[in-house]
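Below is one structure; the comments refer to it alone.
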Amino acid sequence: MFILVRKASVKKIRFHEQRHTHASFLLAIGINPKVAAERLGMTPAMFNERYSHLLPIMQEEAIDKIEAELNNTLKNSSKLQKNNSR
Numbered sequence: 079m080f081i082l083v084r085k086a087s088v089k090k091i092r093f094h095e096q097r098h099t100h101a102s103f104l105l106a107i108g109i110n111p112k113v114a115a116e117r118l119g120m121t122p123a124m125f126n127e128r129y130s131h132l133l134p135i136m137q138e139e140a141i142d143k144i145e146a147e148l149n150n151t152l153k154n155s156s157k158l159q160k161n162n163s164r
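Start counting the sequence shown at 79; every next residue gets the next number (my numbering).
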């Protein structure tokens, strides 16, 4: 395998780096942290301790999604009220 890595001119990646990348990717695509922890053979508490540094970014993304959905709901609600008042 190392021969292939050298021939392909790619950086050698250790197992734990791949594991961390996988965990980060799962969180980035919105997989529930409990499910991600189970995939990695960790308890949710262990997972949160190890990967909690990624959660603030996810909190900001969640806020943006919630805000967008609430804005859409308010727009749709005001359209319905205008149509009903005619």
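Heads up, the beta-carbon is just placed ideally off N, CA and C, and yes, glycines get one too. Note that this is a predicted model, so its numbers are computed, not measured.
If you keep only unbroken beta strand (DSSP E) runs of at least 3 residues inside the region 128-152, you get nothing at all. DSSP places Thr99 within a helical segment (H, G or I) once states are collapsed to three.
Our two residues, Ile81 and His94, have alpha carbons roughly 20 angstroms apart in a direct line. Out of Thr99, Arg92, Ala106, the CA that lies nearest to the CA of Pro134 is found in Ala106.
Take Lys112, set aside five residues on each side of it, and the residues of its chain with a beta-carbon closer than 7 angstroms to its own are Pro122, in chain order.
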